[in-house]
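Protein chains: 2
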Amino acid sequence: MPAATLGKLELAALLAVARLDDEAYGLAVRAHLAGVTGRDYSVGAVYTTLQRLEDKGLLRSHASEPLPVRGGRSRRHFSVTAAGARAFREAERTAAALWAGVGSFTKPRLA
Amino acid sequence: MPAATLGKLELAALLAVARLDDEAYGLAVRAHLAGVTGRDYSVGAVYTTLQRLEDKGLLRSHASEPLPVRGGRSRRHFSVTAAGARAFREAERTAAALWAGVGSFTKPRLA
DNA sequence: CTTATTTGTTCTACAGAATAGTACTTATGC
DNA sequence: GCATAAGTACTATTCTGTAGAACAAATAAG
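Protein chains in written order, with the working numbering: chain H, 1 to 111; chain X, 1 to 111.
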């Protein structure tokens, strides 16, 4: 199976992990998503999505050592797998095709 | 309600209608989607989506006169409403923000 | 040391979107 | 009238989106 296509939040989360790189853990991803999409996803929404991506083999995770700061408990760090990178590029191609030609389409013809 | 965000197929269908303009009816949209996304959506998938968009007020439709060709029955033509155009632009902004900075990200760091 | 506070993650549920498949309708062509 | 083509509508099932509360672990406070 060609991994079917990613959902929108899934894709956004995948990109977030890729970008955050070493800092890619649950709450950080959530914060990043808030910045990028302009909306506030619930904690559950984010973790569920990350979990699904890992189940699909697009992400992998490992627990970090606790940090010596207040509330500094162990984090679950995510990273993109090879399959994840592929899915990512495919999504990129599709998105490009989708939006191609509509660049100057800021004023669609209304009925 | 801020119209919630559009699903991926919904967005693709909205764009298809906008582009096809006068030729935006069920099967044509379906064909366009196939070209753009590279995958074959079932007939049902397309109509269900278009219907949803109309229910949300992002599209409107009207029946055309039957064409004098074999099988040329009346088509249901769709067009983008003002609300649809707004949704469209908002999706465009979000997509831009999402992909911004990942342009040269064709080779994500793997774990 | 006992409690409060902070950061982080897991669990449980449900609504909505994606998607397929089949049936139904209306034209034309013989 | 009957076969065929082009379209659309209906029904059902799975997957994704999304929220909210519960749970865990670490340090700061008193």
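Glycine included, each C-beta is placed from N, C-alpha and C at the ideal position.
Nearest neighbour of Ala97 of chain X by Cα position, chosen from H:Asp21, H:Gly7, H:Ala16, turns out to be H:Ala16. Shown here for Ala91 of chain X: same chain residues with a beta carbon closer than 7 Å to its own, the five before and five after excluded, namely Leu6, Leu11 in chain order. Tyr25 of chain H and Pro66 of chain X have their C-alpha atoms some 57 Å from each other.
At a cut-off of 7 Å, the C-beta of Leu20 of chain X has no neighbouring C-beta in chain H.
When rounded, the separation of the alpha-carbon atoms in Ala28 of chain X and Arg19 of chain X is 11 Å. Check the Cα spacing between Lys56 of chain H and each of H:Ala85, H:Val43, H:Arg73: the tightest is with H:Ala85. For Thr37 of chain H, the nearest beta carbon of chain X is closer than 7 Å to its own beta carbon.
Per DSSP, Leu50 of chain X is one residue of the alpha helix (DSSP H) stretching across 43 to 55. Distance from the Cα of Leu14 of chain H is smallest, within the candidate group H:Ala82, H:Ser64, H:Gly38, H:Arg70, for H:Ala82. Taking the CA atoms as reference points, Tyr47 of chain H sits about 10 Å from Leu53 of chain H. Taken through DSSP and simplified to helix, strand or coil, Val102 of chain X comes out as coil.
When rounded, the separation of the alpha-carbon atoms in Pro68 of chain H and Asp40 of chain X is 53 Å.
Residues of chain X with a Cβ closer than 9 Å to the Cβ of Val102 of chain H are, in chain order, Leu15, Ala18, Arg19, Phe88, Glu92. Counted as a single uninterrupted DSSP element, the beta strand (DSSP E) harbouring Ala63 of chain H occupies residues 59 to 63. Just so you know, the alpha carbons of Arg89 of chain H and Thr49 of chain H end up roughly 19 Å apart.
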